[in-house]
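Novice: Line order of the protein sequences matches chains W, H and A. Residues 13 to 344 (this note's numbering) are what the first sequence spells out, left to right. Residues 839 to 1241 (this note's numbering) are what the second sequence spells out, left to right. Residues -16 to 318 (this note's numbering) are what the third sequence spells out, left to right. The structure that follows is given in the form of structure tokens.
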Amino acid sequence: MNKVAKLTMTYREAIREAIRDAMQKDERVFLMGEDVGRYGGCFNVSEGMLEEFGEERIIDTPLSESGFTGCGIGAALGGMRPIVEIMTVNFSLLAADQIINTAAILLYMSGGQFNVPVVIRMATGGGKQLAAQHSRSLEGWYAHIPGLKILTPATIEDARSMLWHALEDPDPVLIFENSTLYNYKGTLPENGAAFDIRTAKVRREGRDVSILTYGIGLHKSLEASEKLAEEGIEAEVVDLRVLRPLDNETIFSSVVKTGRAVIVDEGWKSGGISAEISTRVTEELFYELDCPVERICGEEVPAPYAKHLEQASLPNAQSIVKTVKKMGGIYG
Amino acid sequence: MGKFVMPSLGSEMIDAKLVQWFIQPGDKVNKGDIIGEIDTEKGLIDIEIFEEGIVTELIAKEGETIPVGSIMAIINGADEKTKVEVIETKQQEPNGEKELPKKNGKLKHPHKEDNKESTVKVKASPLARRVAEDLGVDLTKVGGSGPAGTIHRKDVEAFAELKKADETFEKELEMADHLSAADKKSMRHSIAAAMSRSNQEIPHYYLEIDIDMKRALDWLQETNNKRPVNERLMPAMLLIKTVANALAEVPELNGFWTDEAMHIEEGIHIGFAISLRQGGLVIPAILNADRKSLDEIRSEFVDMVTRAREGHLRSREVSSATITLTSLGERGAQKVYGVIYPPQVALIGFGKIMERPHAVEGMIGIRPVLSTVLAGDHRATDGHTGSRFLEKINEQLQHPEAL
Amino acid sequence: MTTKKKTTTPVKNTTSVDKQKKLYLLHQMMRIRQMEEEAYELYTQEKIRGFLHLYDGEEAVAVGVIENLKEEDSIIATYREHGHALVRGVSMKSIMAEMYGKAEGCSGGRGGSMHLYDKKTNFLGGSAIVANGLPMAVGVAFAYKRLKEEKVACCFFGEGAVDEGEFHESLNLASLWELPVLFVCENNLYSMGMPFQLAEAETDLVEKADGYKIEGTTVDGMDVMAVLEAAGNAVNYIREQKKPYFLECQTYRYRAHSMFDPERYRSKQEVEEWKKRDPIKTFADKLKQEELLTEEEFKKLSENVAEEVEASVQFAEEGTKEPVENLTRYVYSDQ
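What follows is the structure, given as structure tokens:
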């Protein structure tokens, strides 16, 4: 990594580099999932890796989400460092038993004897006209589960750096890659890959309102904040990065600074991560709030196919701008 | 026993509708407290009280339209003091050790939640409540800028600022007392009544001058380029400052015609007309503008314009001007011949700055020209004084850097 | 094509197993039985709470299979796993303490009866989701193979697990990737109240395994010597062929599924019939027949076990409560 100065790459390439790097660093690491080998990965993330690392370490699995996810868990117990790729979060429901009934709770149920160092990656999110069964954002739903760690890389440096931290973690880590970000291009900062997997990051400083978001929401929020700046509203954009455990400290210090909080999440409001964050902010910072917490979330419908309907169901820069502008006391 | 009457807040104001009382019988009020909100033709305006005492009766009902000068409430002065003390002690007990900021040794501001007797429900953000507690601001007196009048942090902070400015103003007025023949209270309350007579009674004279604004505008642009967007200067601010400075040199135009005599005021308070979106004008004043820097004038100006449009000007701000300035800005006509607001004795009208042929040192050039018209009260001054005044304005605008 | 052994494996070779070992097998079965009888009583006294799934009648399976495993092999079991944990070497004291919810329990009081864990003996629980342990066993075996460790992952499950998708996914993966997994199906004929015959289109489970090209056999799970031998063959096969193996042990539980179960789904007569084939009684009788055991010795053995059980109860009674301050400990490794 030392030779890397400034590199422009896509999110996809950053993840690929992260996997490659991990495979090179640690013999125990292997990648397992549907079509990760010959096909090159459903989203082309692992293209070329079969040739590079061989069938022993890049393992194409049958369509057995529960089977191979459980296999990854077992392999982690047996001393390996598996990266399990589930094509999309939608299919992870077939493996929910293994993730929730085993990975998340084994350490606790065994009184601290068996930790599960497995990393499970999956694509998440909508916006590509794939309709209801392929467009969910369930990362917040997984963040409900004690015992799991939930990562949501939104930037090139996080796509590049989070995986290794996840593999070093003794406990199960789920990484949610928003599928609309795979082609997103960015620059890997010099000495990038230096973030931990505990903290949120302020991606844009501002004094008037804190936009708390993650994943694709970060990009929409940054776009919105530029528009807001033209109207004299300076938004602070906080990239949550980790949905569990949430970095209260960073969230709270931003909201204390601005007195206003908006949560942008493509997931649904009801019982979602946005509800959780809102509640924490209200519980802890009630007397710091200059107006009610706002949420801009996915409409509570199964994702529709038609483009205009789907777009109407998702947050966008305009809806963020609109919401922020009507927050009490935001001007002046 | 004092009577609180519907204040006159502008020349055109005949009456106003009481929207809301912020007080109720039994409340203690202090000089400067906002006690209610009225709906005028210019929008919602907070009304403040000028004496200290206990509210004994609210005569005006919410929703009622009350003529200027009619009694709205009865305020009992000194004899109820003991009762106040009792309330004070009561309210301090549950608060225990908690230090609440004291303002001039007055009653600690009560927590609305604690004050069961109060029926005034204040809509304020939690942060506004906390800041109000820190700054010792009574939220019932603060106008809210948010949806449905919700009070936000900035409202509380602005209120606290204003309160501070008011206190300073009171001191300034006291200092100027010996010069002013106008009774302060009657001054405020007589404006409207006098205004209705203005056109008939004031013998207006008008003087005009065309001012070359090239230097002033160039200087403005140069200065603004070095400033962040939100700190940029506007021509109107420059004009306020210029008028104030000119008045310092020609004080004859600064003051009031009362009791058939001219009374020159020491404080130079420039009233400036703000046209409201809903129509009409309000004329708040920048106090002691001659002693303020351009930046101070800028920030007060911005603040007042914002609050004027939100309907949150305080009555004192719209009744203290010693002269009025009206500026048409970029829109409007070339010249404005104004009507003096009595008991003031002058009104200075700035037209639109226009590119026009103008002779400079013997050469005709196209220059930005500002047509300036002084309306003077012939009983108080004459054209000679007026000309000197206009010339002082012109001189300053040719040397904007000195401002 | 694998050769199928659909019939019950006949016990050929009991005499080749020495006396000491036979007495050991009997002792192990008695330990399970007597520990659980005590647990049952303690449950009625509210000393033990939650679910309590007893293994009465099925002891020969755990004892016969686990006897063939090496220390370094691992066991993945179900919620009816007291017996497996005990014969694996988890102390009766720590099992009893766990059922009591005490800090000295083998899961620190966080698991209870259904979730016994012990890292020292590679006992990986204790899962109470039917078929949930199978993918894990596949993964553990995957790691063994990849790390070139000559170990076996032994997975116990009931015949109800066969109905679950995870069973099929796991058998397929284990066979496809040639993993050292011993799948032990403890077919006690009822998944809770659902009779085996009514749940399966194909009741020949070895046939199912064969569908995944996994070698398998069916054995009389009431006969410890039969299980011992069949499991021995299975483990040898796995170690030599480096492939998984499927072993169906036909057995029966005498008691209810859990504690609060009116057992409407089967007749008392049926239970009595099966009791005649009780693995402990029949094996003890056989040993007596073979003059390897006297009635006194049997009683003495039973008394020894009773003492062990009593000691374990005392240990559990005297155990300490995990401090509530530790409630959130072990949610994550750094807590």
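For every residue, glycine included, the Cβ atom is placed at its ideal position computed from N, Cα and C. All of these numbers come straight from a predicted model, not from anything done at the bench.
Can you find a C-beta in chain W that's less than 8 Å from the C-beta of H:His1150?
Specialist: Cβ-Cβ to chain W under 8 Å: no for H:His1150.
Novice: Counting contacts by CB-CB distance shorter than 8 Å, is W:Ala87 in contact with chain A?
Specialist: Chain A contact via Cβ: present.
Novice: Give me whichever residues DSSP pairs with H:His1196 in a beta bridge.
Specialist: H:Gly1203, per the DSSP bridge assignment.
Novice: Would W:Leu301 count as contacting chain H if we go by Cβ distances under 8 Å?
Specialist: Chain H, which has a Cβ nearer than 8 Å to the Cβ of W:Leu301, makes this yes.
Novice: Output the distance between the C-alpha atoms of A:Leu99 and A:Gly72, rounded to the nearest integer angstrom.
Specialist: The alpha-carbon atoms of A:Leu99 and A:Gly72 are separated by roughly 12 Å.
Novice: Whole alpha helix (DSSP H) runs in the region 198 to 233 of chain W with 4 or more residues, listed along the chain?
Specialist: List check, alpha helix (DSSP H) in window: nothing returned.
Novice: Which same chain residues end up closer than 7 Å to W:Arg50 when comparing Cβ atoms and leaving out the 5 residues on each side of it in sequence?
Specialist: Taken in chain order, the residues that qualify are Leu62 and Asp72.
Novice: Closest Cβ-Cβ distance between W:Asp47 and chain A: below 8 Å?
Specialist: Answer no: the Cβ-Cβ gap between W:Asp47 and chain A never drops below 8 Å.
Novice: Do W:Asp220 and H:His990 count as a contact pair if the criterion is CB distance below 8 Å?
Specialist: Contact flag unset, no.
Novice: Taking a Cβ distance cut-off of 7 Å, strictly less, list which residues of the region 145 to 169 of chain W are near chain A, in chain order.
Specialist: So the list reads Pro158 and Gly159, given in the order they occur along the chain.
Novice: Tell me whether H:Ile1202 is buried or exposed, calling it buried when 16 or more other Cβ atoms sit within 10 Å of its Cβ.
Specialist: With fewer than 16 Cβ atoms within 10 Å of its Cβ, H:Ile1202 is classed as exposed.
Novice: Hey, A:Leu165 and W:Gly79: beta-carbon distance below 8 Å or not?
Specialist: No. Outside cutoff.
Novice: With a CB to CB cut of under 6 Å and the five nearest residues on each side skipped, what residues in its chain are close to A:Ser110?
Specialist: These residues qualify, in order along the chain: Gly116.
Novice: Quick check: what's the CA-CA separation for W:Gly137 versus H:Gly987?
Specialist: W:Gly137 and H:Gly987: Cα-Cα distance of roughly 39 Å.
Novice: Can you tell which of W:Ile168, W:Val250 and W:Val276 has the C-alpha that lies nearest to the C-alpha of W:Lys269?
Specialist: The residue with the shortest Cα to Cα distance from W:Lys269 is W:Val250.
Novice: With distances taken Cα to Cα, identify the nearest neighbour of W:Val254 among W:Glu202, W:Ser290, W:Ala108 and W:Phe188.
Specialist: Checked all of W:Glu202, W:Ser290, W:Ala108 and W:Phe188; the closest Cα to W:Val254 is W:Phe188.
Novice: Identify the contact partners of W:Gly340 in chain H, using a Cβ-Cβ distance below 7 Å as the criterion.
Specialist: Correct list: Ser963, Gly984, Pro985, Thr988 and His990.
Novice: Does the count of Cβ pairs from the region 77 to 89 of chain A and the region 135 to 155 of chain A closer than 8 Å reach three?
Specialist: No: the two stretches stay apart, fewer than three of their Cβ pairs being nearer than 8 Å.
Novice: Take W:Val214 as the anchor and find which of W:Trp176, W:Thr167 and W:Gly198 has the nearest alpha-carbon.
Specialist: Ranking W:Trp176, W:Thr167 and W:Gly198 by Cα distance to W:Val214 puts W:Thr167 first.
Novice: Could you spell out the range, first to last residue, of the beta strand (DSSP E) harbouring W:Leu346?
Specialist: Any answer about residue 346 of chain W is impossible in this case: the structure gives chain W only from 13 up to 344.
Novice: Determine the direct distance from the alpha carbon of W:Ile263 to that of W:Thr164, and round the result to whole angstroms.
Specialist: Going by the C-alpha atoms only, they are around 16 Å apart.
Novice: In the region 1055 to 1085 of chain H, which residues sit with their C-beta less than 9 Å from some C-beta in chain W, listed in chain order?
Specialist: Per Cβ criterion, the list reads Val1067 and Asn1068.
Novice: In chain order, what residues of the same chain have a beta carbon less than 6 Å from the beta carbon of A:Lys226, not counting five sequence neighbours either side?
Specialist: Excluding residues within five positions, the ones whose Cβ falls inside 6 Å are Glu161.
Novice: Between the region 239 to 247 of chain W and the region 334 to 343 of chain W, do three or more beta carbon pairs fall short of 8 Å?
Specialist: Taking 8 Å as the limit for Cβ pairs, the verdict is that the region 334 to 343 of chain W does touch the region 239 to 247 of chain W.
Novice: Using three-state DSSP, classify H:Ile1078 as helix, strand or coil.
Specialist: Helix.
Novice: Below 6 Å CB to CB, which residues in the same chain sit around W:Ile348 once its five sequence neighbours on both sides are set aside?
Specialist: A query on residue 348 of chain W cannot be resolved here, the shown segment of chain W reaching from 13 to 344 and no further.
Novice: So that I know if they touch, is there some Cβ in chain H lying closer than 8 Å to that of W:Phe5?
Specialist: Absent from the model: residue 5 of chain W. The displayed extent of chain W is 13 to 344, so no value can be given.
Novice: Using a cut-off of 7 Å between C-beta atoms, extract the partners of H:Ala966 located in chain W.
Specialist: Going along chain W in sequence order, the residues near H:Ala966 (Cβ under 7 Å) are Asp302.
Novice: Taking Cβ-Cβ distances shorter than 7 Å, what residues in chain W pair up with A:Ala60?
Specialist: The contacting residues do not exist; A:Ala60 stays about 13 Å from chain W at best.
Novice: Say whether the region 194 to 213 of chain A touches the region 38 to 45 of chain A, bearing in mind that this needs 3 or more beta-carbon pairs closer than 8 Å, one atom from each stretch.
Specialist: The region 194 to 213 of chain A, when compared against the region 38 to 45 of chain A, does touch it at the 8 Å Cβ threshold.
Novice: Should W:Ser173 go down as buried or exposed, given a rule of 16 or more other Cβ atoms within 10 Å for buried?
Specialist: Looking at its Cβ environment, which holds 16 or more other Cβ atoms inside 10 Å, W:Ser173 is buried.
Novice: Go through its chain and collect everything with a Cβ distance to H:Glu931's Cβ below 7 Å, but skip five positions before and after it.
Specialist: Low confidence applies to H:Glu931: its pLDDT is 39, below 50, so where it sits in the model is not reliable, and the reading given next is rough at best. There are no such residues.
Novice: Just checking: is the beta-carbon of H:Ala1030 within a distance shorter than 8 Å of some beta-carbon in chain W?
Specialist: Legend: pLDDT at H:Ala1030 = 46, less than 50; position of this residue unreliable, no value from coordinates given.
Novice: Could you give the uninterrupted runs of the alpha helix (DSSP H) lying entirely in the region 89 to 129 of chain W, keeping only those of 4 residues or more?
Specialist: Complete alpha helix (DSSP H) runs here, min 4: 101 to 104 and 118 to 121.
Novice: At 9 Å on the CB atoms, spell out the chain A contacts of W:Ser104, in chain order.
Specialist: Correct list: empty, because the minimum Cβ distance to chain A is about 14 Å.
Novice: Where does the unbroken beta strand (DSSP E) through W:Val41 begin, and where does it stop?
Specialist: First-last of the beta strand (DSSP E) with W:Val41: Val41 to Gly45.
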